[in-house]
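There are 2 protein chains.
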Amino acid sequence: MKDLDIQEQANFLKALGEFNRLSLVYKLCQCSTPQNAMCLCECCNVDASVVSRHLKILAQEGVVKLEKKGRERTYTLDRENVVKTLRELANQIENDL
Amino acid sequence: MKDLDIQEQANFLKALGEFNRLSLVYKLCQCSTPQNAMCLCECCNVDASVVSRHLKILAQEGVVKLEKKGRERTYTLDRENVVKTLRELANQIENDL
DNA sequence: TACTTATTTGCGCAAATATGCAAACATAAA
DNA sequence: TTTATGTTTGCATATTTGCGCAAATAAGTA
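So the sequence lines, in the order shown, correspond to chains H and W. If you read the first sequence in my numbering, its first letter stands for residue -1, the second for the next number, and so on. If you read the second sequence in my numbering, its first letter stands for residue -1, the second for the next number, and so on.
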C-alpha cells in the first residue's frame, strides 16, 4: 500500500467523517432528484456558505456529483462511487494479511 | 437516521480518515500477532506519544482492540468490526431512497 | 531498592478546520 | 436594465487537531 493511496483513502474518509457532511450525504441519499444547496441547507442548521463549502469537499472526493443548470447547481449522491470505495476498503482490511 | 447515529458514524470515519491512523490500521492489517505501540511506532515517523494517542482514538471507535499484558499493551485490528461497519455504511447508502 | 522499558499525560505551539457574515458573482425573470 | 435568487468567496474568529518534548506512571528485572 503506497503512502499516496493511503492519503487518498484518508481524504475520502475524512470527507465523510464530519457530522454536517455526513448529514448532507444521508439527506441526498433520500432524494431521487438532484438537489440544490438551498434545499440541502435545511438538513443542517448552518449558513448557506457553509453548505457550499461542505459540498465542494464532498465533490472533490467523489462523494457527490455537481450539475450546473443556469444559476442553479444541483447535487446528486455518487452512490456507485461511494459504495464501491467503502466496499473496496472493507475488502482490503478483510483480506490483507 | 438519528443525529446520534450519524455522529457516531462520523466519529468512526474520522478515526480512519487521518493519514497516520490509517497507516497504523494497514500496518496492523499485515500483522498476524498483536503488536505493541513501539513496534507500530516505526510505520509512521512520529513520537511514541503520538502513536499512543492515535491508538487510543482507534480503540475508542472500535477499530483496534487493546490487550494488557504486564507493562506491555498489544493492539490487534478489530477486523470484524471495521469490515462490518464499513459494509453496513455502504449498504445504507446503496439502498436508502 | 534502583534501573530499565513501555506507555500515557500535561503543556504549548502551529496548522487545519468549521463557521457566520458580508460582499461579490452569476443568471434568470420582471 | 433592474431585481430577485442561488452560490461562492474573502475575512475574522473560535475550536479542533496533530505534534514533540518532558514528566509521570506502570510494571518487569537486576
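Glycine included, every Cβ here is placed at the ideal spot set by N, Cα and C.
Strand pairing of residue i, partner residues [DSSP]
| i | result |
| --- | --- |
| Glu65 of chain W | W:Thr72 |
| Gln104 of chain H | Here chain H covers residues -1 to 95 and nothing more, so residue 104 of chain H does not appear. |
Range covered by the alpha helix (DSSP H) that runs through residue i
| i | result |
| --- | --- |
| Glu16 of chain W | Per DSSP, Glu16 of chain W belongs to no alpha helix (DSSP H) and is neither H nor E. |
| Val80 of chain W | 77 to 93 |
| Gln58 of chain W | 46 to 58 |
Pairwise C-alpha distance: residue j and residue i
| i | j | result |
| --- | --- | --- |
| Gln5 of chain W | His52 of chain W | 19 Å |
| Arg77 of chain W | Asn79 of chain H | 23 Å |
| Leu87 of chain W | Leu84 of chain H | 8 Å |
| Glu70 of chain W | Leu14 of chain H | 34 Å |
| Gln28 of chain W | Lys67 of chain W | 21 Å |
| Leu121 of chain H | Asn93 of chain W | The displayed coordinates of chain H run from -1 to 95. Any statement about residue 121 of chain H would go beyond what the structure contains. |
| Val49 of chain W | Cys39 of chain W | 6 Å |
| Val62 of chain W | Leu22 of chain W | 10 Å |
| Tyr24 of chain H | Ile55 of chain W | 25 Å |
| Arg73 of chain H | Asn34 of chain H | Note that residue 73 of chain H is Tyr in the sequence shown here, rather than Arg. Rounded to whole angstroms, Tyr73 of chain H to Asn34 of chain H spans 6 Å at the Cα level. |
| Lys82 of chain W | Asp1 of chain H | 25 Å |
| Glu65 of chain H | Leu75 of chain H | 11 Å |
| Asn18 of chain W | Ala8 of chain H | 9 Å |
| Glu16 of chain W | Cys42 of chain W | 12 Å |
| Val11 of chain H | Phe10 of chain W | The sequence shown places Leu at residue 11 of chain H, rather than the Val named in the question. Near 9 Å, if we compare the C-alpha coordinates of Phe10 of chain W and Leu11 of chain H. |
| Phe26 of chain W | Ser30 of chain H | Note that residue 26 of chain W corresponds to Leu in the displayed sequence, not to Phe. Rounded to the nearest angstrom, the two C-alpha atoms are 40 Å apart. |
| Leu58 of chain W | Glu59 of chain H | According to the sequence displayed, residue 58 of chain W carries Gln and not Leu. Roughly 26 Å between the two C-alpha positions. |
Cross-chain neighbours of residue i in chain H, by beta carbon under 8 Å
| i | result |
| --- | --- |
| Leu20 of chain W | Ile4, Gln7, Ala8, Leu11 |
| Met(-1) of chain W | Tyr24 |
| Gly15 of chain W | Ala8, Asn9, Phe10, Leu11, Lys12, Ala13, Leu14, Gly15 |
| Leu56 of chain W | Neighbours of Leu56 of chain W on chain H: none; closest Cβ ~13 Å, over 8 Å. |
Cross-chain neighbours of residue i in chain W, by beta carbon under 8 Å
| i | result |
| --- | --- |
| Cys41 of chain H | Simply none; closest approach about 10 Å. |
Proximal residues of chain H, C-beta to C-beta of residue i below 9 Å
| i | result |
| --- | --- |
| Ile91 of chain W | Val23, Tyr24, Cys27, Leu75, Arg77, Val80, Val81, Leu84 |
Listed by chain order, chain W residues near residue i by CB distance under 7 Å
| i | result |
| --- | --- |
| Leu53 of chain H | Within chain W, no residue comes near Leu53 of chain H; the closest Cβ sits about 16 Å away, beyond 7 Å. |
| Asp45 of chain H | Within 7 Å Cβ-Cβ: nothing; Asp45 of chain H doesn't reach chain W, min ~19 Å. |
Residues that residue i contacts on chain H, provided the C-beta gap is smaller than 7 Å
| i | result |
| --- | --- |
| Leu87 of chain W | Leu84 |
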